[in-house]
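Participant:
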Amino acid sequence: MYVAVKGGERAIDNAHAWLAEERRGDQAVPELGVAQIRAQLALAVNRVMAEGSLYDPDLAALAIKQARGDLIEAIFLIRAYRTTLPRLGESRPVDTGAMACDRRISATFKDAPGGQVLGPTFDYTHRLLDFELAAEGAAPRARTAPATSEPMPRITDFLNRDGLIQPETVSDAAPPDLTREPLEFPANRALRLQALARGDEGFLLGMAYSTQRGYGRNHPFVGELRVGRVKVEMDIPELGLACEIGEIELTECETVNQFNGSKTEPPQFTRGYGLSFGHTERKAISMALVDRALRWEELGEEDTGAAAQDAEFVLYHADNIQASGFLEHIKLPHYVDFQSELELVRRIRAEAEAHADTEAAR
Amino acid sequence: MMELDTRQGWMGLLARAPADRLESLWINLGMDLPDFAWLRAPETGGVMVRGRMGGTGAPFNLGEMTVTRCAIRLEPGNVIGHAYVQGRDKSKARLAAVIDALMQTSSGPDLRARLLVPLAQEMAARAQGRAERAEATKVTFFTMVRGED
Numbered sequence: 005m006y007v008a009v010k011g012g013e014r015a016i017d018n019a020h021a022w023l024a025e026e027r028r029g030d031q032a033v034p035e036l037g038v039a040q041i042r043a044q045l046a047l048a049v050n051r052v053m054a055e056g057s058l059y060d061p062d063l064a065a066l067a068i069k070q071a072r073g074d075l076i077e078a079i080f081l082i083r084a085y086r087t088t089l090p091r092l093g094e095s096r097p098v099d100t101g102a103m104a105c106d107r108r109i110s111a112t113f114k115d116a117p118g119g120q121v122l123g124p125t126f127d128y129t130h131r132l133l134d135f136e137l138a139a140e141g142a143a144p145r146a147r148t149a150p151a152t153s154e155p156m157p158r159i160t161d162f163l164n165r166d167g168l169i170q171p172e173t174v175s176d177a178a179p180p181d182l183t184r185e186p187l188e189f190p191a192n193r194a195l196r197l198q199a200l201a202r203g204d205e206g207f208l209l210g211m212a213y214s215t216q217r218g219y220g221r222n223h224p225f226v227g228e229l230r231v232g233r234v235k236v237e238m239d240i241p242e243l244g245l246a247c248e249i250g251e252i253e254l255t256e257c258e259t260v261n262q263f264n265g266s267k268t269e270p271p272q273f274t275r276g277y278g279l280s281f282g283h284t285e286r287k288a289i290s291m292a293l294v295d296r297a298l299r300w301e302e303l304g305e306e307d308t309g310a311a312a313q314d315a316e317f318v319l320y321h322a323d324n325i326q327a328s329g330f331l332e333h334i335k336l337p338h339y340v341d342f343q344s345e346l347e348l349v350r351r352i353r354a355e356a357e358a359h360a361d362t363e364a365a366r
Numbered sequence: 046m047m048e049l050d051t052r053q054g055w056m057g058l059l060a061r062a063p064a065d066r067l068e069s070l071w072i073n074l075g076m077d078l079p080d081f082a083w084l085r086a087p088e089t090g091g092v093m094v095r096g097r098m099g100g101t102g103a104p105f106n107l108g109e110m111t112v113t114r115c116a117i118r119l120e121p122g123n124v125i126g127h128a129y130v131q132g133r134d135k136s137k138a139r140l141a142a143v144i145d146a147l148m149q150t151s152s153g154p155d156l157r158a159r160l161l162v163p164l165a166q167e168m169a170a171r172a173q174g175r176a177e178r179a180e181a182t183k184v185t186f187f188t189m190v191r192g193e194d
């Protein structure tokens with residue numbers, strides 16, 4: 005039972021004033037601008053957009069500044085802001101096949117048409133601290149090469165052509181939306197993907213890793229990982245036409261997974277899918293592995309009891325705002341609850357002692 | 046610049062254009078903002094972005110993006126201009142709606158040549174710059190024959 009408390013207004017105001025001062029930090033150090041966060045902490049901005057479930061880099065950068073770099077707090081701020089926005093509509097599904105790729109790699113086909121493009125990656129770095137970054141230096145310059153307009157077809161299309169991978173069902177059915185209707189089970193794949201796309205990166209990483217270690221193993225290969233920009237189109241009813249309303253950066257991961265076949269399906273590869281706002285590839289790969297693990301039922305696989313196969317477990321615990329809300333509320337005043345527990349324990353102890361005394365007197 | 050010949054094309058360009066570049070190209074034209082009436086004052090909202098399962102399958106909701114829309118009517122000629130632009134910049138939305146209306150008037154060809162075409166070229170050059178950087182990171186992996194048989 006929750007019993008309200010009152011009082012403490014002055015202390016709370018003063019705590020928030022001190023928070024603001026601490027946020028600014030040492031005044032001898034120049035203040036961090038939102039544009040600097042957006043440009044130079046771009047991967048933090050991307051994570052806040054992905055899990056805040058709102059693509060707006062300026063707002064995400066502001067939230068990071070306000071939250072003093074606490075990304076879950078920043079995500080909370082974005083989620084709270086998001087709820088104030090009127091819904092103007094839904095986009096047409098984005099065409100990731102037409103992505104302007106900064107990065108596109110395949111771990112399954114080395115000679116992928118369109119090539120293996122590393123893009124700005126941490127891969128193959130030695131993970132040694134670069135002390136030169138501690139000093140301000142000249143702006144680094146990337147090298148360039150004449151761009152070809154070679155198309156980058158989907159890797160899974162090659163497998164699809166030979167019938168070696170389970171095809172996706174083409175449909176334009178309007179998907180369920182968990183920001184409009186509460187998440188309920190059984191959750192179809194569209195709803196699961198929405199929940200995973202806004203889920204906590206750390207939680208999904210742990211779940212995905214658990215499948216790799218054997219808890220619901222599904223033998224994934226990264227068929228394709230692509231990072232780049234896609235145009236977003238929406239039907240505008242008052243104009244009677246579909247129009248681009250912007251361009252967003254996305255990370256897409258398609259996994260190709262082993263599948264031994266079932267009573268109704270021949271042996272073939274199956275798919276896991278990850279899609280995430282911004283350059284967020286650890287998130288997108290994790291999402292694809294967890295998506296694949298959650299598909300056990302529709303693929304006629306065995307329920308091994310693994311956590312990553314349990315849709316309720318995964319989807320009810322993947323949201324870091326719900327989780328931190330419930331977790332952190334236990335630090336707020338619970339004096340009345342605790343008082344009743346305290347009285348209960350005292351009464352039980354008194355009864356037990358009285359019982360022991362009568363036993364001893366016998 | 047074929048895309049700029051249709052309303053869809055120029056509205057899309059205006060939606061994606063960086064606000065500061067759009068504004069400075071407009072200022073460079075030396076045109077006064079024409080008199081207009083609001084049909085719909087600028088409003089910022091969210092649009093739910095959808096993806097497809099496996100990139101090609103059934104749609105799902107990925108997350109929202111901020112979009113600002115407005116509609117105006119030019120006083121001379123009663124031409125209606127609409128804007129749906131990415132982000133929360135209301136003055137960019139206003140300018141985009143005015144340009145959309147002007148594009149439907151006799152000023153259209155001049156605006157296209159002096160504002161939309163240079164804007165589209167700048168944006169294409171930026172995209173080209175990224176494509177050239179990406180190209181420089183294209184690799185060829187060789188699989189090595191391993192010692193064991």
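As they're listed, the protein sequences go chains C and P.
Reminder that position 114 of the first sequence reads as 118 in our numbering, one-by-one numbering, no gaps.
Reminder that position 144 of the second sequence reads as 189 in our numbering, one-by-one numbering, no gaps.
Note that beta-carbon positions come from the ideal geometry of N, C-alpha and C, so glycine has one too.
1. Could you work out which residues of chain P lie near Ala151/C, taking near to mean beta carbons separated by less than 8 Å?
2. So Pro104/P contacts chain C; which residues on that side make the cut at Cβ distance below 8 Å?
3. State yes or no: is the beta carbon of Gly93/C nearer than 7 Å to at least one beta carbon in chain P?
4. Can you check the segment 49-131 of chain C for any alpha helix (DSSP H) of at least 4 residues that lies completely inside it and give the ranges in chain order?
5. Could I get the ranges of all uninterrupted alpha helix (DSSP H) runs contained in the segment 147-187 of chain C, with 4 residues as the minimum, in chain order?
6. Taking a contact to mean a Cβ-Cβ separation below 7 Å, would you say Glu256/C touches Leu293/C in this structure?
7. Per DSSP, what kind of secondary structure is Asn123/P in: helix, strand or coil?
8. Counting contacts by CB-CB distance shorter than 7 Å, is Gly141/C in contact with chain P?
9. Under 8 Å Cβ-Cβ, which residues of chain P neighbour Thr148/C?
10. Using three-state DSSP, classify Phe187/P as helix, strand or coil.
11. Would you mind sorting Pro337/C into buried or exposed? The rule is 16 or more other CB atoms within 10 Å of its CB.
12. Return yes when the Cβ of Val92/P is within less than 7 Å of the Cβ of Gly93/C, no when it is not.
13. CA-CA distance, Ala103/P and Pro179/C?
14. Could you give the C-beta distance for Arg230/C and Arg51/C, rounded to a whole number, given that I count them as a contact under 8 Å?
15. Just the chain P side, please: which residues come within less than 8 Å of Cys257/C by C-beta, in chain order?
16. If we define contact as Cβ-Cβ less than 7 Å, is Val92/P a contact residue for chain C?
17. Interface residues of chain C around Ala60/P at Cβ under 8 Å?
18. Would you mind working out which of Tyr277/C, Ala327/C and Gly304/C sits nearest Met291/C, comparing C-alpha positions?
19. Does the beta carbon of Ser175/C fall short of 6 Å from some heavy atom of the ligand NAD?
20. Which residues bound the beta strand (DSSP E) around Asn2/C?
21. Considering only C-alpha positions, which residue in the set Ile41/C, Phe317/C, Ala212/C and Met156/C is nearest to Asp115/C?
22. List the residues of chain C whose Cβ lies closer than 7 Å to the Cβ of Arg97/P, in chain order.
23. Distance check for Val236/C and Ala138/P, CA to CA, integer angstroms please.
24. For the alpha helix (DSSP H) containing Tyr320/C, list its first residue and its last residue.
25. With a threshold of 6 Å on Cβ separation, who are the neighbours of Ala310/C within its own chain once the five nearest residues in sequence on each side are excluded?
26. Check whether chain P comes within 7 Å of Val121/C, counting only Cβ atoms and requiring the distance to be less than that.
27. Which one of Leu133/C, Pro124/C and Glu140/C has the shortest CA to CA distance from Ala181/P?
28. Is there a Cβ of chain C sitting closer than 7 Å to that of Leu107/P, yes or no?
29. Counting only beta-carbon separations shorter than 7 Å, does Val124/P have a partner in chain C?
30. Between Ala201/C and chain P, is there a C-beta pair that is closer than 7 Å?
31. What residue from Glu357/C, Arg193/C and Ile325/C has the CA that sits closest to Arg296/C's CA?
32. With a threshold of 7 Å between beta carbons, is Gln53/P in contact with chain C?
33. Pull up the distance between the alpha-carbon of Ile240/C and that of Cys247/C, whole angstroms please.
34. For Ala111/C, would you say it is in contact with chain P, using Cβ-to-Cβ distances shorter than 7 Å as the test?
35. For the 8 Å Cβ check, are there 3 or more pairs between the segment 147-161 of chain C and the segment 67-77 of chain P?
36. Using a cut-off of 8 Å between C-beta atoms, extract the partners of Arg114/P located in chain C.
Facilitator: Put simply:
1. Simply Gln173, Ala176, Glu177, Ala179 and Glu180.
2. Going along chain C in sequence order, the residues near Pro104/P (Cβ under 8 Å) are Pro97, Ser175, Asp176, Ala177, Ala178, Pro179 and Ala194.
3. Yes, Gly93/C counts as interfacial toward chain P.
4. As summarised for the segment 49-131 of chain C, the continuous alpha helix (DSSP H) elements at least 4 residues long and confined to that stretch are 61-70 and 75-86, given in chain order.
5. Those alpha helix (DSSP H) runs which fall completely within the segment 147-187 of chain C and span 4+ residues are 159-165.
6. At the C-beta level, Glu256/C and Leu293/C stay beyond 7 Å of one another.
7. In the displayed model, Asn123/P falls within a helix according to three-state DSSP.
8. No, Gly141/C lies away from the interface with chain P (no Cβ there is under 7 Å from its Cβ).
9. When 8 Å is used as the limit between beta carbons, Thr148/C is near these residues of chain P: Gly174, Glu177, Arg178, Glu180 and Ala181, in chain order.
10. In the structure shown, Phe187/P adopts coil according to DSSP, grouped into three states.
11. By the 10 Å Cβ count, Pro337/C comes out exposed.
12. In this structure, Val92/P lies closer than 7 Å to Gly93/C by Cβ.
13. One C-alpha to the other measures close to 8 Å.
14. Actually they are not in contact, since the Cβ atoms of Arg230/C and Arg51/C sit about 18 Å apart, beyond 8 Å.
15. Result: empty, since nearest Cβ-Cβ is about 10 Å, beyond 8 Å.
16. Yes - at least one Cβ of chain C is within 7 Å of the one on Val92/P.
17. Among the residues of chain C, those whose CB is under 8 Å from the CB of Ala60/P are Cys247, Glu248, Ile249 and Gly250, following chain order.
18. The shortest C-alpha to C-alpha distance from Met291/C to any of Tyr277/C, Ala327/C and Gly304/C is the one to Tyr277/C.
19. Within the structure as shown, the ligand NAD is missing, as the structure has no ligands at all.
20. Residue 2/C is absent from the structure shown; chain C starts at 5 and stops at 366.
21. Of Ile41/C, Phe317/C, Ala212/C and Met156/C, the residue nearest in Cα terms is Met156/C.
22. From the beta-carbon of Arg97/P, the residues of chain C found nearer than 7 Å are Pro97.
23. Each residue's Cα considered, the two are about 17 Å apart.
24. Per DSSP, Tyr320/C belongs to the alpha helix (DSSP H) from Ala315 to His321.
25. Cβ neighbours of Ala310/C within its own chain (closer than 6 Å, five residues either side excluded): Tyr219 and Gly220.
26. At least one chain P Cβ lies under 7 Å of Val121/C.
27. When the alpha-carbon of Ala181/P is set against those of Leu133/C, Pro124/C and Glu140/C, the nearest one is in Pro124/C.
28. For Leu107/P, the closest Cβ of chain C is nearer than 7 Å.
29. Interface with chain C (7 Å Cβ-Cβ cutoff): Val124/P is excluded.
30. It does; some Cβ of chain P falls within 7 Å.
31. Comparing Cα-Cα distances from Arg296/C to each of Glu357/C, Arg193/C and Ile325/C, the minimum goes to Arg193/C.
32. Output row for Gln53/P: interface = yes.
33. Roughly 7 Å separates the two Cα atoms.
34. With respect to chain P, the C-beta atom of Ala111/C has no partner C-beta closer than 7 Å.
35. Contact fails: fewer than three Cβ-Cβ distances are below 8 Å.
36. Those within 8 Å of Arg114/P in chain C are Leu92.
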